[in-house]
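Novice: The working numbering applies: residue 72 is where the sequence shown begins, and numbers increase by one.
For reference, the structure I am asking about is given below.
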Amino acid sequence: MLTASDELWEAAVRQAAVISRLAALDSAGVTAVDAAADELGLSRRQVYVLLGRWRDGGGVVSDLLPGRSDGGRGGSRLPDDVEAIVRQVLHARYLTRQRRSVAAVCREITRLCRVRGLQVPSRGTVLRRVAQLDPVQSTQAREGRDAARTKSSAGGVPPEITQLLQQVQMDHTPVDVIVVDERQRLPIGRPYLTAAIDVASRCIMGLVVTLEAPSATSVGLCLARMATGKQAWLEQLGVEAVWPMSGKPHELYVDNASEFKSEALRRGCEQHGVALSYRPPGLPHFGGIVERVIGTMMGLVHDELPGTTFSNVTERGAYDSDGRAVLTMAELNAWLALAVACYHGQVHDGLGRTPAAVWFELAERDGTPGTVSNETAFLVDFLPVFRRTVSRSGFVIDHVQYYCDALKPWIARRDELGKLVLRRDPRDISRIWALDPDGTTYLAVPYRVLSRPPISIWEQQAAITRLRQQGRADVDEQALFATVAQMREITDTAAATTRKARRDRERRTSTPAADPNVLPVPAAPAVEMGMVRPFEVIEQW
């Protein structure tokens with residue numbers, strides 16, 4: 072899904088919306104197929120081909136991507152240099168309060184093209200580019216915000232939500248409590264909470280507590296927690312509670328923070344059929360549901376948990392938050408899980424009933440939402456993205472080499488492959504997931520030197536910074552891991568006295584251990600290697 076161009080991907084997303092409805096029918100008759108063909112601008116045969124791909128595949132957008140692009144209809148036919156001039160002039164001269172005419176814009180485009188010896192586009196081409204501009208943004212740029220208001224929605228009343236997971240709101244907040252480390256039980260600071268709530272039932276779909284500031288990884292972890300069953304996680308925490316609310320949302324509704332606008336989140340949502348929507352700027356009440364539930368949870372924290380920081384310094388007064396802190400991260404997770412179970416069983420003011428009762432009623436009416444069986448496979452689609460070429464020694468990301476024997480067929484074709492898509496979990500960089508050249512399967516690739524310990528991206532970045540401060544112009548892998556080991560030793564020694572050191576150690580010990588026996592997606596198909604002689608994998612370099 073990440074190897075496709077934006078044009079092909081958007082076309083596949085548009086086709087998926089139509090083909091998924093067609094596939095849901097008991098029988099896709101000629102009438103329904105012809106209606107889909109008219110909507111997509113395709114022939115009947117092409118619609119049947121897409122329908123077959125959708126049914127034979129996994130029901131995701133990437134099933135409809137073509138093997139290679141044929142250019143497509145509606146694409147730009149202008150040379151790149153001419154296209155750049157057209158965009159530049161439209162932005163600099165048309166989208167201004169002076170409101171220049173199209174004729175003036177055409178004259179400027181003609182002048183710039185002739186100065187640079189380029190082909191001059193026709194007036195019709197320029198008119199089509201003008202027609203493709205966003206009408207709201209175009210009117211606002213030329214006539215002002217008041218003139219553009221009539222072209223946009225009223226923005227005063229959010230749309231009505233009536234089905235489970237039709238819309239899920241997500242947001243982050245620092246938790247108003249100080250947590251302690253696992254060893255000395257000394258304070259390490261405030262963690263961060265990422266929460267997601269179903270708008271129709273007001274049920275909390277997922278919670279993630281981290282020591283790291285909100286990021287795209289926090290969003291992916293919360294989505295994975297939301298989409299999978301929670302019983303195994305509750306048992307791991309030692310919590311006897313019922314939390315049956317799980318499933319993939321139809322729409323994820325978030326604010327405009329940077330972690331919600333990453334490429335990984337955008338394409339991951341499109342891959343799994345999750346619409347990603349943003350709150351209108353200046354209208355915070357559109358996210359009021361998740362804001363309210365977060366406020367309710369923080370109120371419980373203030374009332375119930377020792378070590379609370381309250382909402383501000385004035386409310387805290389003389390209360391010693393550090394001195395009274397007793398909860399570790401695991402214990403805070405367990406308490407929050409129990410608080411969610413209690414919340415689901417209490418009457419909601421806006422609903423007049425308990426969120427759990429509304430959930431089960433809507434589930435009985437519309438069916439229980441579908442869940443994800445493999446949490447790791449789902450999470451991989453939301454991890455940060457890198458693009459690297461493969462060399463004889465594998466991949467290199469931030470001075471660390473990754474290699475396994477399964478890369479050998481790729482290495483043999485490396486001259487024709489170009490850059491490949493890689494994903495990495497910031498909490499544990501001991502392995503990466505490489506998308507195969509066909510764009511269908513992820514391959515787990517470990518460190519080239521397997522004896523290296525798992526480390527987090529934050530430890531790696533701190534080690535690189537330290538080496539730079541020591542005057543090292545070139546950072547090699549051996550020096551990087553040696554520095555990480557020294558930093559860990561210093562952290563362990565200083566943990567009893569320094570809050571930051573205790574926090575760093577807690578971040579390190581909470582890093583998930585890599586399980587080499589668990590692959591996030593089905594393994595890549597076997598490659599015919601012919602007759603294998605003993606020790607054939609040994610090479611001389």
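For glycine and all other residues, C-beta sits at the position ideal for the given N, C-alpha and C.
Just so it is clear, the structure is predicted and the values come from calculations on it, not from any experiment.
Can you list, in chain order, the residues of its chain whose CB lies under 7 Å from that of residue 404, leaving out five sequence neighbours each side?
Specialist: Indexing the sequence shown from 1 puts residue 404 at position 333. Correct list, in chain order: 280 and 308.
Novice: Near residue 107, what residues of its chain come up, given a Cβ to Cβ distance below 6 Å and the 5 sequence neighbours on each side ignored?
Specialist: Along the sequence shown, one-based indexing puts residue 107 at 36. Only 89, 93 and 118 meet the Cβ criterion.
Novice: Which of the three DSSP states is assigned to residue 265 in this structure?
Specialist: The sequence position of residue 265 within the sequence shown is 194, counting from 1. If DSSP states are grouped into helix, strand and coil, residue 265 belongs with the strands.
Novice: What three-state label does DSSP hand residue 453 in the structure shown?
Specialist: As a first step, residue 453 must be located in the sequence shown, where it is residue number 382. Three-state result, residue 453: coil.
Novice: Which runs of the beta strand (DSSP E) fall wholly inside the segment 327-412 and span at least 3 residues, in chain order?
Specialist: DSSP runs (the beta strand (DSSP E)) wholly in the segment 327-412: 346-349.
Novice: Can you tell me where the beta strand (DSSP E) holding residue 285 begins and where it ends?
Specialist: Taking the sequence shown and counting its residues from 1, one reaches residue 285 at position 214. No beta strand (DSSP E) holds residue 285; DSSP gives it neither H nor E.
Novice: Go ahead and label residue 151 buried or exposed: buried means 16 or more other beta carbons lie within 10 angstroms of its beta carbon, across all protein chains shown.
Specialist: Residue 151 sits at position 80 when you count from the first residue of the sequence shown. Burial call: exposed.
Novice: Taking the C-alpha atoms as reference points, what is the distance between residue 452 and residue 301?
Specialist: Position 381 of the sequence shown, counting from 1, holds the residue named residue 452. Position 230 of the sequence shown, counting from 1, holds the residue named residue 301. So the alpha carbons of these two residues sit roughly 20 Å apart.
Novice: Assuming residue 322 is part of the beta strand (DSSP E), what are its boundary residues?
Specialist: Mapped onto the sequence shown, residue 322 falls at position 251. Residues 322-325.
Novice: Give me the residue from 480, 449, 447 and 445 with the minimum Cα distance to residue 462.
Specialist: For the purposes of this step, residue 462 is identified with residue 391 of the sequence shown, where counting begins at 1. Of 480, 449, 447 and 445, the residue nearest in Cα terms is 480.
Novice: For residue 392 and residue 369, I'd like the C-alpha separation in whole angstroms.
Specialist: Along the sequence shown, one-based indexing puts residue 392 at 321. Along the sequence shown, one-based indexing puts residue 369 at 298. Cα to Cα, residue 392 sits roughly 15 Å from residue 369.
Novice: What are the start and end residues of the alpha helix (DSSP H) that includes residue 92?
Specialist: One-based indexing of the sequence shown puts residue 92 at position 21. Taken as a continuous stretch (DSSP letters only), the alpha helix (DSSP H) holding residue 92 covers 77-94.
Novice: Can you tell me which of the three DSSP states residue 496 falls into?
Specialist: The residue you call residue 496 lines up with position 425 of the sequence shown. Here residue 496 sits in strand by DSSP.
Novice: Could you give the residue range of the alpha helix (DSSP H) that holds residue 536?
Specialist: Taking the first residue of the sequence shown as position 1, residue 536 is located at position 465. Unbroken alpha helix (DSSP H) run through residue 536: 528-540.
Novice: If you pair each beta-carbon of the segment 416-423 with each one of the segment 322-332, do three or more pairs fall below 8 Å?
Specialist: No: the two stretches stay apart, fewer than three of their Cβ pairs being nearer than 8 Å.
Novice: Opposite residue 244 in the DSSP bridges: which residues?
Specialist: Translated into the one-based positions of the sequence shown, residue 244 becomes position 173. In DSSP, residue 244 forms a bridge with 264.
Novice: Where do the ends of the beta strand (DSSP E) carrying residue 156 lie?
Specialist: Your numbering for residue 156 matches position 85 in the sequence shown. Unbroken run through residue 156 is the alpha helix (DSSP H), 151-160; no beta strand (DSSP E).
Novice: What does a CB cutoff of less than 8 Å around residue 547 pick up in its chain, not counting 5 residues either side in sequence?
Specialist: As a position in the sequence shown, residue 547 is number 476, starting the count at 1. Correct list, in chain order: 470.
Novice: Measure the C-alpha to C-alpha separation of residue 180 and residue 170 and round it to an integer number of angstroms.
Specialist: Position 109 of the sequence shown holds residue 180. Position 99 of the sequence shown holds residue 170. Straight-line Cα distance between these residues: approximately 16 Å.
Novice: What are the boundary residues of the beta strand (DSSP E) that includes residue 203?
Specialist: By one-based count along the sequence shown, residue 203 stands at place 132. It is not in any beta strand (DSSP E) - residue 203 carries neither H nor E in the DSSP assignment.
Novice: Can you tell me whether DSSP reads residue 125 as helix, strand or coil?
Specialist: Against the sequence shown, residue 125 aligns to sequence position 54. Of the three classes helix, strand and coil, the one that applies to residue 125 here is helix, per DSSP.
Novice: Pairing CB atoms from the segment 209-218 with CB atoms from the segment 328-348, are three or more of them under 8 Å?
Specialist: As far as the Cβ criterion goes, the segment 209-218 does not touch the segment 328-348, which means the pair count is below three.
Novice: Report the partner residues of residue 130 according to the DSSP bridge assignment.
Specialist: To locate residue 130, count along the sequence shown from 1; it is residue 59. Looking at the DSSP assignment, residue 130 forms no beta bridge with any residue, so it has no partner.
Novice: With which residues is residue 515 paired in a DSSP beta bridge?
Specialist: What you label residue 515 is simply residue 444 of the sequence shown in a count that begins at 1. DSSP, once it has assigned bridges, lists 504 as partnering residue 515.
Novice: Would residue 80 and residue 274 be called neighbours here (beta carbons separated by less than 8 Å)?
Specialist: For the purposes of this step, residue 80 is identified with residue 9 of the sequence shown, where counting begins at 1. For the purposes of this step, residue 274 is identified with residue 203 of the sequence shown, where counting begins at 1. Against a cut-off of 8 Å, the Cβ pair of residue 274 and residue 80 comes out as no contact.
Novice: Residue 542: buried (16+ other C-beta within 10 angstroms of its C-beta) or exposed?
Specialist: Taking the first residue of the sequence shown as 1, we reach residue 542 at position 471. When all chains shown are included, residue 542 counts as exposed.
Novice: Pick out whichever of 96, 156 and 328 has its Cα sitting closest to the Cα of residue 189.
Specialist: Mapped onto the sequence shown, residue 189 falls at position 118. Cα-wise, what sits closest to residue 189 is 156.
Novice: If you drop the 5 nearest sequence neighbours on each side, which residues of the same chain put their C-beta closer than 6 Å to that of residue 185?
Specialist: Sequence index remark: in the sequence shown, residue 185 carries index 114 (1-based). No residues qualify anywhere along the chain.
Novice: In this structure, does DSSP put residue 275 in helix, strand or coil?
Specialist: Sequence index remark: in the sequence shown, residue 275 carries index 204 (1-based). Strand at residue 275.
Novice: Looking at the structure shown, is residue 169 part of a helix, part of a strand, or coil, going by DSSP?
Specialist: Translated into positions along the sequence shown, residue 169 becomes position 98. Here residue 169 sits in coil by DSSP.
Novice: Sort out for me which residues DSSP pairs residue 466 with in a bridge.
Specialist: Within the sequence shown, residue 466 is the residue found at index 395, counting from 1. Beta-bridge pairing links residue 466 to 473.
Novice: Which residues bound the alpha helix (DSSP H) around residue 429?
Specialist: Translated into the one-based positions of the sequence shown, residue 429 becomes position 358. Note, residue 429: alpha helix (DSSP H), 426-437.
Novice: How many angstroms separate the CA atom of residue 590 from the CA atom of residue 130?
Specialist: By one-based count along the sequence shown, residue 590 stands at place 519. By one-based count along the sequence shown, residue 130 stands at place 59. Caution applies to residue 590, whose pLDDT of 47 falls short of 50 and renders its modelled position unreliable; the value that the coordinates give is listed next. Looking at the two C-alpha atoms, the distance is approximately 21 Å.
Novice: Please state the DSSP three-state secondary structure of residue 232.
Specialist: Indexing the sequence shown from 1 puts residue 232 at position 161. Here residue 232 sits in coil by DSSP.
Novice: Counting C-beta neighbours from all protein chains within 10 Å, is the total for residue 76 16 or more, i.e. buried, or is it exposed?
Specialist: Translated into positions along the sequence shown, residue 76 becomes position 5. Burial call: exposed.
Novice: How would you call residue 225, buried or exposed, if buried means at least 16 neighbouring beta carbons within 10 angstroms?
Specialist: Locating residue 225 in the sequence shown gives position 154, where the first residue counts as 1. Residue confidence is low: residue 225 scores 49 on pLDDT, short of 50, so the model does not pin down where it sits. Its coordinate-derived value is still stated next. Exposed is the call here.
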